[in-house]
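Chains as they are written, first to last, in the numbering used here: chain E, 90 to 503; chain Z, 3 to 117. Where a beta carbon is used, it is the ideal one built from N, C-alpha and C, also for glycine.
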Amino acid sequence: MSPTDRPGPVGAAVERAYRADGGRVLARLISITGDFDLAEESLQEALIAALRTWARDGIPDNPAGWLVTTARRKAVDRLRRHASSERRQRDWGELSIAWTLGTPAEPIGDDRLRLIFTCCHPALPLGARVALTLRALGGLSTAAVARAFLMPEPTLAQRLVRAKRKIREAAIPYEVPAEEELPGRLDAVLAVIYLIFNAGYLPPSGDTLVRVDLCDEAVRLGGVLTRLLPDEVEPIGLLALLHLQDSRRAARVGPSGQPVTLEEQDRRRWDGEKVRRGLELLDAAAALGRPGPYQLKAQIAAVHARTARAEDTDWAAIVACYDALLTVEPTPVVALNRAVAVAMAGVPADGLALLDDPELAGPLASYHLYHLTRADLLRREGRREEAAGAFREARRHTDNQAELAFVERRLREL
Amino acid sequence: MKYMLIIANDPETHPVPGGPGWDELMAAYGTFAEQLASHGKPFSGDPLAPPDTATTVRVRDGKTITVDGPFAETKEWLSGYFLIECDNLDQALQAAAMIPSAKYGAVEVRPVAHM
Numbered sequence: 090m091s092p093t094d095r096p097g098p099v100g101a102a103v104e105r106a107y108r109a110d111g112g113r114v115l116a117r118l119i120s121i122t123g124d125f126d127l128a129e130e131s132l133q134e135a136l137i138a139a140l141r142t143w144a145r146d147g148i149p150d151n152p153a154g155w156l157v158t159t160a161r162r163k164a165v166d167r168l169r170r171h172a173s174s175e176r177r178q179r180d181w182g183e184l185s186i187a188w189t190l191g192t193p194a195e196p197i198g199d200d201r202l203r204l205i206f207t208c209c210h211p212a213l214p215l216g217a218r219v220a221l222t223l224r225a226l227g228g229l230s231t232a233a234v235a236r237a238f239l240m241p242e243p244t245l246a247q248r249l250v251r252a253k254r255k256i257r258e259a260a261i262p263y264e265v266p267a268e269e270e271l272p273g274r275l276d277a278v279l280a281v282i283y284l285i286f287n288a289g290y291l292p293p294s295g296d297t298l299v300r301v302d303l304c305d306e307a308v309r310l311g312g313v314l315t316r317l318l319p320d321e322v323e324p325i326g327l328l329a330l331l332h333l334q335d336s337r338r339a340a341r342v343g344p345s346g347q348p349v350t351l352e353e354q355d356r357r358r359w360d361g362e363k364v365r366r367g368l369e370l371l372d373a374a375a376a377l378g379r380p381g382p383y384q385l386k387a388q389i390a391a392v393h394a395r396t397a398r399a400e401d402t403d404w405a406a407i408v409a410c411y412d413a414l415l416t417v418e419p420t421p422v423v424a425l426n427r428a429v430a431v432a433m434a435g436v437p438a439d440g441l442a443l444l445d446d447p448e449l450a451g452p453l454a455s456y457h458l459y460h461l462t463r464a465d466l467l468r469r470e471g472r473r474e475e476a477a478g479a480f481r482e483a484r485r486h487t488d489n490q491a492e493l494a495f496v497e498r499r500l501r502e503l
Numbered sequence: 003m004k005y006m007l008i009i010a011n012d013p014e015t016h017p018v019p020g021g022p023g024w025d026e027l028m029a030a031y032g033t034f035a036e037q038l039a040s041h042g043k044p045f046s047g048d049p050l051a052p053p054d055t056a057t058t059v060r061v062r063d064g065k066t067i068t069v070d071g072p073f074a075e076t077k078e079w080l081s082g083y084f085l086i087e088c089d090n091l092d093q094a095l096q097a098a099a100m101i102p103s104a105k106y107g108a109v110e111v112r113p114v115a116h117m
C-alpha cells in the first residue's frame, strides 16, 4: 500500500512512520514470522489499520512499535485462518507465544542486518539476492525492481517466489554470520550493493544511461550497512566509492543522453557535497587500516575527484592503486583498468602492449569496454584504421543505445 | 531441520583404498564423525560402493525394468551421504565444508522435505 493516497495529518503520520521505520519494521516482522510474504501482507494490513485507529485514538508515541505489534497480531490472525497444515499450526503456536510476550508498543531494535545477510546469502542465485535486497530492505515494489532491471514483472516475481521458498524450506537463517564466517559473507553483501549501484549507473541495455533510483538505493543501503557494522572497514570503503562515483552523475551524461568520458567531463558539474562526503568516508576507512578492494577503488576515484583539470591527473598514483588492487582482486577487468592507467601515465603503447597480452585479451574478448579501451588507446596513438576496427568490435558487444551512439561519434571523429 | 549431505566424487582425483592419501582421508572422516557426535544430535552416514556395483530399477506399466549402472551417468558419482540435524542452512553448510571429500569432489546440501 502507498499511504500517500490518504492525505491529512493521520495519513501523513502513517507515511512518515513508514518512511522512517518501514525497513526496520519489516525486518522485525520477517524475523518474527520467518516468512517474507506473511510479514509484508501483515505490515500492509497494519498500515491500513493505522489510518483508522490513529484517526480515532490519536497518533501513538512509538508508531514503529505500534506497527510491529499490530502487524504481528495480523500475522497471527492470518495463520489462524490458514492453520490447516501441521506446519502452519506449529508456526502459529510459536508466533502467538511471541505475541503474548510483546508489549503494546515494544521497542523494535534493528533486525535489518540479519535480513541483509539472509537476502544476500550465497545459497541464493545472484539475481534473486539483488531483487530480494531491494524488495525487503529497500521497500521497492516488485514492479519497480522489474522495471529497474528491464525484466518482465512475472519473471521477477517468480524468481522472488523461488528465493523465498528456498529461504523457508532450506532454513536459510536470519542471523549475522559468526565472526569467522563474516568476511566472506560480508563480501557477498557488498557485491550485491555494488551491483545495485552499477545497475543504476550503467544498465547493459535500454536507452537511459543513469537510473537514478537504483543509485540512490545503493547509497542508502551502503549507509545502513556502515551504521550497523561500524567496525568493518570495507562497507565504509564501498560507501566512499559510491559517493565519489555518484558525484559525477550529472557530468557523465550529455544533453542528448550520450555518455561523457571522465576526461571530457565538465568537472564543475561534479557534486561537491558528494565528493566531500566521499573523501571524508575514505579518510575514515583509511584510519581503520586493512584496505580492501572497495577502499582501493575509492582511492582511485578520489585521485580524480581531487583533480580539477583532467590533464593534471596523477596517473602514477593511480597505477600504484591498481597495483595494490590487483593483489587483492586479480581479475581481468582490474588488469584492463590498470593498463589504461599505465597508458595515461606514460605512452599509449605501454598500455596497448598490456591489453594485447593474450592472458588479458582472451577472457575479455566479448566485453565491450575492453574493445572500447583498446580503440581509445589506438586512437591516441594515431593508429586510425586499427582504432576503427576496435570501435566496431565494441559495437558488436553492447546493445545500450547511448553507448552505441558514443561509438558512432568516435568513428565519425576518426 | 534435517539435511542430507550428498557426497559426489570424481574417481580420477579422489583417493582410492590403499592409494596415496587414503589413510589420511579415513582419519579425517573419523575426526569428522567425532565432531558430529560431539554436537549430541542424531546423525547417520555411510560410504557407498562404487557405481559399477549399482543397479537401477524402474517400474513402468506394472513391469519392473532392471538396468545395470547408476541412474545418471556423470563424471562425478555419488560416493556417500550423511543425514544430520541442524538449526539452519548455515550450520549444514559448515558441516558440509568439514566433510573430508569436499576437498576433492562436491557436497550437495539438501533439506529433508516435510511431508
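When the options are compared against residue i, the one with the closest alpha-carbon
i, options, result
"L50(Z)", "M117(Z), N90(Z), F84(Z), A99(Z)", "F84(Z)"
"T66(Z)", "T58(Z), L27(Z), F73(Z)", "T58(Z)"
"E353(E)", "E400(E), V364(E), S336(E), D372(E)", "E400(E)"
"H97(Z)", "P22(Z), H41(Z), H16(Z), P17(Z)", "According to the sequence provided, residue 97(Z) is Ala. The question's His does not apply to it. Among P22(Z), H41(Z), H16(Z), P17(Z), the Cα nearest to that of A97(Z) belongs to H41(Z)."
"R499(E)", "Q133(E), D320(E), L425(E), Q347(E)", "Q347(E)"
"I9(Z)", "H116(Z), G71(Z), L95(Z)", "L95(Z)"
"G123(E)", "W143(E), N489(E), R338(E), D200(E)", "D200(E)"
"E129(E)", "W143(E), R224(E), G97(E), R170(E)", "R224(E)"
"L279(E)", "H210(E), A246(E), L229(E), P447(E)", "H210(E)"
"W143(E)", "A164(E), A106(E), P214(E)", "A106(E)"
"H116(Z)", "T159(E), W155(E), M240(E), A259(E)", "A259(E)"
"K77(Z)", "T33(Z), P44(Z), P52(Z), V61(Z)", "P52(Z)"
"D403(E)", "Q388(E), E492(E), E268(E)", "Q388(E)"
"A233(E)", "G289(E), D276(E), E264(E)", "G289(E)"
"V392(E)", "L330(E), L441(E), A428(E), D439(E)", "L330(E)"
"D89(Z)", "L461(E), G367(E), I261(E)", "I261(E)"
"R337(E)", "T158(E), D320(E), W359(E), V349(E)", "W359(E)"
"L310(E)", "L226(E), A237(E), S455(E), R274(E)", "L226(E)"
"L466(E)", "L458(E), E270(E), A476(E)", "A476(E)"
"E362(E)", "D335(E), I121(E), D372(E)", "D335(E)"
"W79(Z)", "T68(Z), D54(Z), A99(Z)", "D54(Z)"
DSSP bridge partner residues for residue i (one or two, in chain order)
i, result
"E110(Z)", "I8(Z)"
"I67(Z)", "R60(Z)"
"I86(Z)", "Y5(Z)"
"S46(Z)", "L85(Z)"
"L80(Z)", "A10(Z)"
"V342(E)", "P348(E)"
Under 8 Å from the C-beta of residue i: neighbouring residues of chain E
i, result
"M28(Z)", "Per Cβ cutoff of 8 Å: no residues; M28(Z) is ~27 Å from chain E at best."
Beta-carbon neighbours of residue i, restricted to chain E and to distances below 9 Å
i, result
"M3(Z)", "A259, A260"
C-beta atoms of residue i and residue j nearer than 7 Å
i, j, result
"L202(E)", "L317(E)", "yes"
"A252(E)", "A217(E)", "yes"
"I325(E)", "A375(E)", "no"
"P511(E)", "E482(E)", "No answer is possible for residue 511(E): it lies beyond the span of chain E, which begins at 90 and ends at 503."
"A565(E)", "L91(Z)", "There is simply no residue 565(E) to check, as chain E begins at 90 and stops at 503 in what is shown."
"E418(E)", "P380(E)", "no"
"L314(E)", "I285(E)", "no"
"G107(Z)", "N11(Z)", "yes"
"A390(E)", "L443(E)", "no"
"P102(Z)", "Y5(Z)", "no"
"P421(E)", "L461(E)", "no"
"V219(E)", "V157(E)", "no"
"A424(E)", "L449(E)", "yes"
"V431(E)", "D439(E)", "yes"
"L370(E)", "L328(E)", "yes"
"I119(E)", "L245(E)", "no"
Self-check item: Residues of the segment 82-113 of chain Z with Cβ closer than 9 Å to any Cβ of chain E, in chain order
Solution: C88, D89, N90, L91, D92, Q93, A94, L95, Q96, V111, R112, P113
Self-check item: chain Z contacts made by the segment 247-264 of chain E, where a contact means CB separation under 8 Å
Solution: E258, A259, A260, I261, P262, E264
Quiz prompt | Within 7 Å of chain Z by C-beta, residues of the segment 199-228 of chain E in sequence order | solution = A212
Quiz item: Taking a cut of 8 Å between CB atoms, which residues from the segment 262-286 of chain E lie near chain Z?
Solution: P262, E264, P266, E270
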